[in-house]
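K.L.:
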Amino acid sequence: MNASPKQLVLASVLVLSSLSTAFAADGDKSKIKGLITAVQGDTITIKDQNNVQQTITVAPDTRYKRTKGLTGVIHEKAEQSALIPGLPIAADVVAAGSGYNATEISFKSEDMRTAQQVQAGLAPTTTRMDEFGTYEALDTREVLFDSGSTTISAKGKSDLDALAAKAKDTKNYQVVLQGFTDSTGDAAANQRLSARRADAVSNYLQQQAGLAPGRVRAGDGMGVASDAGAGSNAGARKVVVKLVVDKGVQAGAK
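Dropping the structure here:
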């Protein structure tokens with residue numbers, strides 16, 4: 031079946047839009063967010079929010095910033111050695127050829143600890159003396175949302191209340207959460223929406239369910255869920271909430 035002129039124009043616009051970052055002119059400034067997948071010397075490879083691989087080069091004058099606290103407004107200097115696979119970052123970059131040069135890279139302290147824990151779990155070692163920094167999930171809930179919404183449903187509130195009750199009976203607990211969207215809409219809007227959903231759940235746990243702020247980690251907006259598929263998918267519009275404990279701390283508390 032032949033495509034109509036209108037369909038051809040739309041297809042051309044979509045193709046050009048998807049290639050806009052790939053053909054950025056040298057010197058163009060932008061911000062890239064993604065997950066580090068490889069580090070080789072001064073070259074960082076990340077998978078961005080559109081699941082596209084990007085190559086970023088760091089230099090001696092690249093600035094590294096670590097944010098901490100529930101609000102993320104506390105900044106600390108960091109070193110290049112902090113960049114490890116599995117770490118989500120935000121990079122201010124300048125286009126250079128087929129890649130980018132980074133002027134500043136920032137990441138969350140909580141994400142850094144998680145990436146280190148993953149690395150420790152994957153790397154073989156014969157000198158592991160304890161399990162500190164190894165987290166165990168005691169309960170996991172998925173809070174679902176209507177399309178475009180950040181409003182928590184009655185069932186979602188009930189599930190969060192149940193998780194909070196279990197948390198209050200658990201020593202040294204932490205609650206971690208990640209927000210997701212389906213694949214409708216543009217990437218930037220989905221990123222914002224996923225973060226707002228995570229914030230809504232975090233606020234409910236602290237303000238309504240009675241969990242201590244220091245026990246509920248700042249929520250992460252992850253954008254489109256990996257299992258979202260194409261178009262509207264109710265199962266992808268969610269916040270995944272986990273009640274976790276540090277196995278080493280728990281062992282010491284017994």
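If you count by my numbering, then the sequence shown holds residues 31 to 284, one letter each, in order. Backbone N, C-alpha and C define an ideal beta-carbon position, used for all residues, glycine too.
With respect to the beta strand (DSSP E) encompassing leucine 273, which residues constitute its N-terminal and C-terminal limits?
P.N.:
Note, leucine 273: beta strand (DSSP E), 268-276.
K.L.:
Which residue spans inside the segment 239-264 form an unbroken beta strand (DSSP E) run of at least 3?
P.N.:
Segments of the beta strand (DSSP E) lying fully in the segment 239-264: 250-254.
K.L.:
So with Cβ pairs under 7 Å, would you call leucine 207 a contact of chain D?
P.N.:
Checking the listed chains, one finds no chain D in this structure; it contains a single protein chain.
K.L.:
So, is valine 82 buried or exposed, given that buried needs 16 or more other C-beta atoms within 10 angstroms?
P.N.:
The residue is exposed, with fewer than 16 neighbouring Cβ atoms inside 10 Å.
K.L.:
What residue does the beta strand (DSSP E) around valine 312 start on, and which one ends it?
P.N.:
This structure cannot speak to residue 312, because the chain is shown only from 31 to 284.
K.L.:
Would you call the CB atoms of arginine 93 and glutamate 140 closer than 7 Å?
P.N.:
Contact: no.
K.L.:
Which word fits arginine 170, buried or exposed, when buried means at least 16 other C-beta atoms lie within 10 angstroms of its C-beta?
P.N.:
A quick correction: the sequence has threonine, not arginine, at residue 170. Threonine 170 should be labelled exposed.
K.L.:
If you count every other CB in all the chains shown that lies within 10 Å of the CB of alanine 239, and 16 or more means buried, which is it?
P.N.:
The residue is buried, with at least 16 neighbouring Cβ atoms inside 10 Å.
K.L.:
Can you find at least 3 beta carbon pairs, one from the segment 190-205 and one from the segment 230-247, that sit closer than 8 Å?
P.N.:
Yes, the segment 190-205 is in contact with the segment 230-247.
K.L.:
Could you give the uninterrupted runs of the beta strand (DSSP E) lying entirely in the segment 186-244, keeping only those of 3 residues or more?
P.N.:
Segments of the beta strand (DSSP E) lying fully in the segment 186-244: 203-211.
K.L.:
Residues in the same chain with beta-carbon distance under 7 Å from leucine 235, minus the five sequence neighbours each way, listed in chain order, please.
P.N.:
Contacts found: Leu190, Ala194, Val205, Leu241 and Val246.
K.L.:
Going by Cα to Cα distance, which pick from Met252, Ala225, Asn263 and Lys59 is closest to valine 123?
P.N.:
Nearest of Met252, Ala225, Asn263 and Lys59 to valine 123, Cα basis: Lys59.
K.L.:
Using 7 Å as the threshold, is the C-beta distance between asparagine 251 and alanine 225 below it?
P.N.:
Per the sequence shown, residue 251 should be read as glycine rather than asparagine. Against a cut-off of 7 Å, the Cβ pair of alanine 225 and glycine 251 comes out as a contact.
K.L.:
Apart from the five residues on each side of it in sequence, which residues of its chain come closer than 8 Å, Cβ to Cβ, to valine 274?
P.N.:
Closer than 8 Å at Cβ, skipping near neighbours: Tyr165, Glu166, Ala167, Leu168, Tyr203, Gln204, Val205 and Val206.
K.L.:
Using the rule of at least 16 other Cβ atoms within 10 Å of the residue's Cβ for burial, across every protein chain shown, is threonine 181 buried or exposed?
P.N.:
With fewer than 16 other Cβ atoms within 10 Å, it is exposed.
K.L.:
Alpha carbon to alpha carbon, what distance is there between glycine 215 and glycine 71?
P.N.:
In a straight line, the C-alpha of glycine 71 is about 36 Å away from that of glycine 215.
K.L.:
Mapping DSSP to helix, strand and coil, what is alanine 125?
P.N.:
In this structure, alanine 125 counts as strand in the three-state DSSP scheme.
K.L.:
Where does serine 111 sit, in a helix, a strand or coil, going by DSSP?
P.N.:
Note: serine 111 maps to helix in three-state DSSP.
K.L.:
Per DSSP, what kind of secondary structure is serine 177 in: helix, strand or coil?
P.N.:
Coil.
K.L.:
What did DSSP end up calling alanine 145 once you bin it into helix, strand or coil?
P.N.:
The answer is helix: DSSP assigns alanine 145 an H, G or I state.
K.L.:
Would DSSP call alanine 132 helix, strand or coil?
P.N.:
DSSP places alanine 132 in strand when its eight states are reduced to three.
K.L.:
What does the alpha-carbon distance come out to for the pair glycine 253 and lysine 201?
P.N.:
Spanning the two alpha carbons is a distance of roughly 32 Å.
K.L.:
Please identify the residue among Ala112, Lys98 and Ala258 whose C-alpha is closest to the C-alpha of serine 177.
P.N.:
Checking every option, the nearest Cα to that of serine 177 belongs to Ala258.
K.L.:
On the CB-based measure, 16 or more other CB atoms within 10 Å of its CB, does arginine 143 come out buried or exposed?
P.N.:
Label assigned to arginine 143: exposed.
K.L.:
Specify, as a first and last residue, the run of the beta strand (DSSP E) that leucine 65 falls within.
P.N.:
Where leucine 65 is concerned, the enclosing beta strand (DSSP E) stretches over 59-70.
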